[in-house]
Amino acid sequence: AIRDSYQTYCFLYLNPFSSLIPEMAKTVYLGIFLSTLLLATFVNSSPLFTGICIKNCAQCKEMYGKYFYGQLCADSCVKYKGSIIPNCEDIASIAPFLILNDDLS
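If you read the sequence shown in the working numbering, its first letter stands for residue 73, the second for the next number, and so on.
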């Protein structure tokens, strides 16, 4: 028991801040988490991404013409704040906005 006390004393003497490290780590992790959350919120609601999304919709409308529903694409850009940006070369990203031949009027 005396030896354990002596080892603890030596450890604390050589590492005086060791008892603070777990508390500091919690604070640092909390700070990193909150910063990441704040940054993610800012990035997702950025008008820059909404603008890029709308420009991509216009480009797809030029490429696909009457087979692409550009207004619906632009509306989704505004609704989702540019979080889903359509890529005209990726059919999966523009599938909701494609008009099938049967739907043309």
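All residues carry an ideal CB built from backbone N, CA and C; glycine is no exception. As the structure is a computational prediction, the values presented were derived from the model and not from experiment.
### Query
Hey, Cys149 and Ile126: beta-carbon distance below 8 Å or not?
Their beta carbons are under 8 Å apart, which means Cys149 touches Ile126 by this criterion.
### Query
Among the residues of its own chain, which have a CB less than 8 Å from the CB of Thr122, if the five just before and after it don't count?
Cys149, Val150, Lys153, Gly154, listed in sequence order.
### Query
Distance, Cα to Cα, Pro119 vs Ser107?
Taking the Cα positions, Pro119 is about 20 Å away from Ser107.
#### Entry: Local conformation of Leu179 per DSSP, three classes
The structure shown does not extend to residue 179, since the chain spans only 73 to 177, so no value can be given for it.
### Message
Using only the alpha-carbon positions, how far apart do Asn173 and Tyr101 sit?
### Response
Between the alpha carbons of Asn173 and Tyr101 lies a gap of roughly 54 Å.
### Query
What are the residues that DSSP puts in a beta bridge with Phe105?
Under DSSP, Phe105 shares a beta bridge with no residue.
### Task
Using the Cα positions of Asp147 and Ala97, report the straight-line distance between them to the nearest angstrom.
Straight-line Cα distance between these residues: approximately 44 Å.
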